[in-house]
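Asker: Residue numbers (the numbering used here), protein chains in the order written: chain Y, 1 to 312; chain D, 1001 to 1326; chain H, 2001 to 2324.
Idealized CB from N, CA, C, for every residue including glycine.
Just so we're clear, the structure is a prediction, and the values are computed from it rather than from any experiment.
Please read through the structure below; I'll follow up with questions.
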Amino acid sequence: MATSVGTRAEEGEFLASQRYEGGMRLAARQLVRNRAAATGLVCLALICLCALLAPLLAPYDPVQINLSAKLRPPGDEYLLGTDHFGRDVLSRLLYGARVSLLVGLIVVTFALSIGVPIGLIAGFLGGTIDNVLMRAMDAFLTFPPLLLAVAIVGLMGPDIENVTLALGVVQVPVLARIVRGSTLAVREETYITAMRALGASPLRIVTRHVLRNTLSPIVVQITIVFSAAVIAEASLSFLGLGTQPPQPSWGRDLADARRYMADAPWLFLAPTAALMLAVLSINFVGDGLRDALDPRAWRTRRRRAGRNERAV
Amino acid sequence: MSLLEVVNLRTHFATDRGTVRAVDGVSFTLDDGEVLGLVGESGSGKSVTALSIMRLVREPPGRISADRLVFDGIDLLQAQPQELRALRTARIAIVFQDPMRSLNPVLTIGRQLTETLRRHQGLDAKPAARRAVKLLEMVGIPSAAKRLTAYPHQFSGGMRQRVMIAIALSCNPRILIADEATTALDVTIQAQIVDLVKRLTREMGTAVIWISHDLGLVAGFCDVVNVMYAGRIVEAGPVRDVFQRPSHGYTLGLMSCTPRVDLVGQPLTPIEGLPPNLMEPIRLCPFLPRCRVSVGACASVLPPARAISPGHFASCHADLRAHWRG
Amino acid sequence: MNRAAPLLVVEDLRVHFPAAGRLFRPGPPVRAVDGVSFSVGRGRTLGLVGESGCGKSTTGYGVLQLIRPTSGRVLLEGADLTTLDSKALRPLRRRMQIIFQDSAASLDPRMPVGDLIAEVLDIHGLHKGRERPKRVRRLLDLVGIAAHFLERYPHELSGGQAQRIAICRALAVEPELIVCDEPVSALDVSIQAQIVNLLQGVQRELGLTYIFISHDLSVVRHVSDEVAVMYLGKIVERADRESIFTAAAHPYTKALLSAVPIPDPEIEQARERIILSGDLPSPTDPPSGCRFRTRCPIAIAACAAAEPPAKVLNADHEVACIRV
């Protein structure tokens, strides 16, 4: 039953085959195969690019008031028209992207760096630690997110930083709970018992095996968190509690556009379209990631096309 | 006329990687009261054969075709959905491997039993309940009347399987199909259930198609056995003939690699290699890559069904008489 | 094979699980393993058989300290494993390994086969540097896996291949004892034979000791030197292989043997079966006295009075039954 790796060529091939395709590379390949996710990825990339290069791309200063050009419809001079202060809608859109993306990014980072460790520890160690941590999380969960954000902003002043903090705080317990649930499930898997039997330390088990296998729900939740943050920022700005004028913000601009719906619908349509595009892209990417991160979808490239398939 | 005639049954599944030929030319007949065994490993097509006979395969992606598929004079391929529904359980019943998945967990046992009785036999609630109690007693469930209001999860595995048998036999079907019905049960419970099925089907004159990978079960219960591999029947015949005079490389291989509780010191000769790829059309014997007794002709032409003795056929070029024991 | 100094001695092992009870009143514990004692000589195979709920798998886990026993001793060449904490146990884990029933599930789905094997060597600092590829190749040869499988992921393996990889990984740490927990039950019969032969071949070549846990008596007869039959957490009969299969004394063992199908129509259709009545009692509330008495064809009133002691029939054959 032994196979012999006899010739030098085969030996070289054997040693070479010690370099394996990493799981992340295989996942990435799966991801781009998914059309919706690939499209979402491209859109997201474009939005990020716009946000980054706003100063270069924006044709006008987004806060420059020019009353002589107010409420112009989309045309040659102002690609997406102007608002009631004569400010270029396109430029405000590009700069507004910065705010939305930045808020999303910060909220996600905050939630990840606090929520994931809490969830992992609670799930893996269980017992009293689990109880204490989860009751703390439950306490935070009882606050309706938007209201908590409003409360914090009310206490500390309407400021984009306060908004971000509030949104981040509110996302931590959700993420912690999800990570904990995932960890609990993974902890009972046979391969974890196998690692214990093989003499692996708890640290190795958690960092190398549990964490990677709880990745998928984390990633999906991250995309939900991101899009929730973007929408929340828009909502708060809409209510006047987030980004303060004259700073551009999609939500803020939407609020202002209400009064001019009949006369200048482009004021409303532009930020709405931008929000929708951003959120949809994130969601498609999230769905695609969830499927791509499932190892059962990974297909390694077969070196010798099927010749050795029947061996063993 | 036979109770069930199956000629050249083919069930193919369309997948995005090709067509899976799960059943690829299966033919057999089943007479009244006969016990037919379908033996094979995973991927042999035995379960799909049973599902295809009852048209329980989802089409698409499956596609069932046959030269003849006739039950008691009814052409099953042409039958309308209402006709098929009326046949299922009432005239052809099936018991699956995992009773937990066949029984609805949120309905009481009584409800599931009486539902079948009321639908197929038109009984009213009270008579149906009485008959349900009789059925539960028939399959050996103690305190049957009280158990009518119990839920599936309150029963043990063996009990649940008895309930499935009760449901299956409730309308006195002509054919009972048991698809690995005892595989998930402990061996002493399995003995109870096999004993029960034997007794009831003999009393009721029901024909049985017994699907299993376990040669021992087939040896003990069946009159006729069909050995399946890669969606085809490779050997078929009366059970004593096939076991004492195996005439196909796969049958021989199966018997040589099955350990026996009554023998000691016999070496296990495994069948090397892996099960075949069901997506490739069959031009030669599908077992050839793994066969230890192949001969020259195997590499050039598909073996036809050869008569070994009356009623005993095998699709094999090789002469295996040297391997027969007494 | 020094019979005088067994590799493993298990004394009165008990593994009890707390049961789900009412809010402030915990229910009776599940006594999955309730006083199990046996020993295994070096290079030998002990077959541990029984039906579901008998505690055989839990015994295996308890021996390896993957579940910490409630009480009892597990002596690996004299060292009592139950007294060691997890840190002290870890280096000892090289000496005792386990192979699971669901082989694919025992492999981290996100790691290619090569990494799975390499990680084990890393954990114990074995065969570093240039030695590594040679060692991996030798391990693969031992279990009959071709080199190109190293880059595959567990879901791309067949059942038999996955089990070979699991065995390969267990062998990588150079163990002395391997607990095989239903290693072939989930495999097709033709693949079962491959894996059984592999396990026996490796045992001969490396001098391994096995505890072979299975419900399949036919396989157990093939691989074991000694057999212990379990029922509801207790060993009801323990003997060398031949005595169990040709001269079984306990009524449960006899019933078990008579229930196993034999692939021979002449024999099978002529057999007298001992059909047990009823179902397995609950492990939270086992019958008083002899646990088997509720299904036993020869039970008498005295069977309910006290648990039957292990009666020695002859060297190497013990039965826990007062009717024998």
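Going along chain H, which residues have a C-beta under 7 Å from Arg212/Y?
Answerer: Position 212 of the first sequence, counting from 1, holds the residue named residue 212/Y. Neighbours of Arg212/Y on chain H, chain order: Arg2110.
Asker: Ser2190/H and Gly1253/D look like a contact to me (Cβ under 8 Å); what is the Cβ gap, rounded to whole Å?
Answerer: Within the third sequence, the letter at position 190 stands for residue 2190/H. Within the second sequence, the letter at position 253 stands for residue 1253/D. That belief holds up - the Cβ atoms of Ser2190/H and Gly1253/D are roughly 7 Å apart, short of 8 Å.
Asker: Using the Cα positions of Cys1222/D and Arg1199/D, report the straight-line distance between them to the nearest angstrom.
Answerer: Translated into positions along the second sequence, residue 1222/D becomes position 222. Translated into positions along the second sequence, residue 1199/D becomes position 199. Rounded to whole angstroms, Cys1222/D to Arg1199/D spans 13 Å at the Cα level.
Asker: Can you tell me where the alpha helix (DSSP H) with Glu161/Y in it begins and where it stops?
Answerer: Taking the first sequence and counting its residues from 1, the one referred to as residue 161/Y is at position 161. Residues Ile160 to Arg187.
Asker: For Arg2095/H, which residues of its own chain have a beta-carbon under 6 Å away from its beta-carbon, when the five flanking residues on both sides are left out?
Answerer: Locating residue 2095/H in the third sequence gives position 95, counting from the first residue. So the qualifying residues of the chain are Pro2175 and Glu2176.
Asker: To which residues of the same chain is Asp2080/H closer than 8 Å at the C-beta, ignoring the five residues directly before and after it?
Answerer: Residue numbering aside, residue 2080/H sits at position 80 when the third sequence is read from its first letter. Once the five neighbours on either side are set aside, the close Cβ partners of Asp2080/H are Arg2073 and Val2074.
Asker: Start and end of the alpha helix (DSSP H) containing Cys50/Y?
Answerer: Translated into positions along the first sequence, residue 50/Y becomes position 50. Its alpha helix (DSSP H) spans residues Arg35 to Leu52.
Asker: What are the uninterrupted segments assigned as alpha helix (DSSP H) that are 4 or more residues long and contained completely in the stretch 1047 to 1123 of chain D, given in chain order?
Answerer: Segments of the alpha helix (DSSP H) lying fully in the stretch 1047 to 1123 of chain D: 1081 to 1087, 1099 to 1102 and 1109 to 1121.
Asker: Inspect the beta-carbon positions of His1312/D and Asp1241/D and report whether they are closer than 7 Å.
Answerer: Locating residue 1312/D in the second sequence gives position 312, counting from the first residue. Locating residue 1241/D in the second sequence gives position 241, counting from the first residue. Yes, they are a contact pair.
Asker: Between which two residues does the beta strand (DSSP E) containing Trp1210/D stretch?
Answerer: Along the second sequence, one-based indexing puts residue 1210/D at 210. Where Trp1210/D is concerned, the enclosing beta strand (DSSP E) stretches over Ala1207 to Ser1212.
Asker: Could you pull out every residue in the same chain whose Cβ sits closer than 6 Å to the Cβ of Val63/Y, ignoring the five residues on either side in sequence?
Answerer: Translated into the one-based positions of the first sequence, residue 63/Y becomes position 63. Correct list, in chain order: Pro246.
Asker: Note down, in chain order, every chain H residue with its Cβ under 9 Å from the Cβ of Ala1237/D.
Answerer: Translated into the one-based positions of the second sequence, residue 1237/D becomes position 237. A quick correction: the sequence has Gly, not Ala, at residue 1237/D. Chain H residues near Gly1237/D: none, gap ~12 Å exceeds 9 Å.
Asker: Mind listing, in chain order, the continuous alpha helix (DSSP H) runs of no fewer than 4 residues lying wholly within the stretch 86 to 172 of chain Y?
Answerer: The stretch 86 to 172 of chain Y contains these whole alpha helix (DSSP H) runs: 89 to 125, 127 to 141 and 145 to 156.
Asker: Return helix, strand or coil for Met261/Y, following the three-state DSSP convention.
Answerer: Against the first sequence, residue 261/Y aligns to sequence position 261. Met261/Y falls in the coil class under three-state DSSP.
Asker: In chain order, what residues of the same chain have a beta carbon less than 6 Å from the beta carbon of Leu267/Y, not counting five sequence neighbours either side?
Answerer: Counted from its first residue, the first sequence places residue 267/Y at position 267. Cβ neighbours of Leu267/Y beyond the five flanking positions: Asp83, Ala257 and Tyr260.
Asker: Within 10 angstroms of its Cβ, does Thr1206/D collect 16 or more other Cβ (buried), or is it exposed?
Answerer: Taking the second sequence and counting its residues from 1, the one referred to as residue 1206/D is at position 206. So Thr1206/D counts as buried.
Asker: Which class does His2127/H belong to by DSSP, given the choice of helix, strand or coil?
Answerer: Position 127 of the third sequence holds residue 2127/H. In this structure, His2127/H counts as coil in the three-state DSSP scheme.
Asker: Which residues mark the beginning and the end of the beta strand (DSSP E) in which Leu2076/H is found?
Answerer: What you label residue 2076/H is simply residue 76 of the third sequence in a count that begins at 1. Start and end: Ser2071 to Leu2076.
Asker: Mapping DSSP to helix, strand and coil, what is Ile231/Y?
Answerer: Taking the first sequence and counting its residues from 1, the one referred to as residue 231/Y is at position 231. Three-state result, Ile231/Y: helix.
Asker: Using three-state DSSP, classify Gly2201/H as helix, strand or coil.
Answerer: As a working mapping, residue 2201/H is identified with position 201 in the third sequence. Three-state result, Gly2201/H: helix.
Asker: The alpha helix (DSSP H) that contains Arg1147/D, what's its start and end?
Answerer: One-based indexing of the second sequence puts residue 1147/D at position 147. Arg1147/D -> alpha helix (DSSP H) spans Ala1144 to Arg1147.
Asker: So which residues of chain H does His1213/D contact, with C-beta pairs closer than 9 Å?
Answerer: Locating residue 1213/D in the second sequence gives position 213, where the first residue counts as 1. Within chain H, the residues near His1213/D are Asp2188 and Val2189.
Asker: Could you give the distance in angstroms between the alpha-carbon of Gln2269/H and the alpha-carbon of Cys2296/H?
Answerer: Residue 2269/H sits at position 269 when you count from the first residue of the third sequence. Residue 2296/H sits at position 296 when you count from the first residue of the third sequence. Using only the alpha carbons, I get a separation of about 24 Å.
Asker: Does the contact criterion of 3 or more C-beta pairs under 8 Å hold for the stretch 2136 to 2147 of chain H versus the stretch 2087 to 2102 of chain H?
Answerer: These segments do not touch.
Asker: So what does DSSP say about Ile1175/D, is it helix, strand or coil?
Answerer: Residue numbering aside, residue 1175/D sits at position 175 when the second sequence is read from its first letter. Here Ile1175/D sits in strand by DSSP.
Asker: How would you write the range of the beta strand (DSSP E) that Ile2262/H sits in, first residue to last?
Answerer: Taking the third sequence and counting its residues from 1, one reaches residue 2262/H at position 262. It is not in any beta strand (DSSP E) - Ile2262/H carries neither H nor E in the DSSP assignment.
Asker: Glu1083/D to Gly23/Y, Cα distance in whole Å?
Answerer: Sequence index remark: in the second sequence, residue 1083/D carries index 83 (1-based). Sequence index remark: in the first sequence, residue 23/Y carries index 23 (1-based). Whole-angstrom Cα-Cα distance: 51 Å.
Asker: Between which two residues does the beta strand (DSSP E) carrying Cys2180/H extend?
Answerer: As a working note, residue 2180/H is residue 180 in the third sequence. Start and end: Leu2177 to Asp2181.
Asker: Can you check whether the C-beta of Met2194/H is within less than 7 Å of a C-beta belonging to chain D?
Answerer: In the third sequence, the residue the question calls residue 2194/H occupies position 194. The sequence given here places Gln at residue 2194/H; Met does not occur at that position. Yes, Gln2194/H counts as interfacial toward chain D.
Asker: Give the residues of chain H in contact with Cys1291/D, contact being defined as C-beta atoms less than 9 Å apart.
Answerer: Along the second sequence, read from residue 1 onward, the residue named residue 1291/D stands at position 291. Neighbours of Cys1291/D on chain H: none; closest Cβ ~12 Å, over 9 Å.
Asker: Let me check one thing: in DSSP terms, what residues is Lys2234/H bridge-paired to?
Answerer: The count along the third sequence starts at 1 and reaches residue 2234/H at position 234. Answer is Tyr2231/H, bridged to Lys2234/H.
Asker: May I ask which residues mark the beginning and end of the alpha helix (DSSP H) holding Glu1137/D?
Answerer: Counting from one through the second sequence, the residue named residue 1137/D turns up at place 137. It spans Ala1125 to Met1138 - the alpha helix (DSSP H) in which Glu1137/D sits, taken as one unbroken run.
Asker: With Glu1005/D as the anchor, note down where its beta strand (DSSP E) starts and where it stops.
Answerer: By one-based count along the second sequence, residue 1005/D stands at place 5. Note, Glu1005/D: beta strand (DSSP E), Leu1004 to Thr1015.
Asker: Along the chain, where does the alpha helix (DSSP H) that runs through His2222/H open and close?
Answerer: Stepping through the third sequence from its first residue, residue 2222/H is reached at position 222. Its alpha helix (DSSP H) spans residues Leu2217 to Val2223.
Asker: Would you mind reading off the limits of the beta strand (DSSP E) that contains Glu1235/D?
Answerer: Locating residue 1235/D in the second sequence gives position 235, counting from the first residue. First-last of the beta strand (DSSP E) with Glu1235/D: Arg1232 to Pro1238.
Asker: Starting from the C-beta of Arg1160/D, find all residues in its chain whose C-beta is less than 7 Å away, skip the five residues before and the five after it, and write them out in chain order.
Answerer: What you label residue 1160/D is simply residue 160 of the second sequence in a count that begins at 1. For Arg1160/D, where only same-chain residues beyond five positions count, the Cβ hits under 7 Å are Pro1099, Met1100, Leu1103 and Pro1152.
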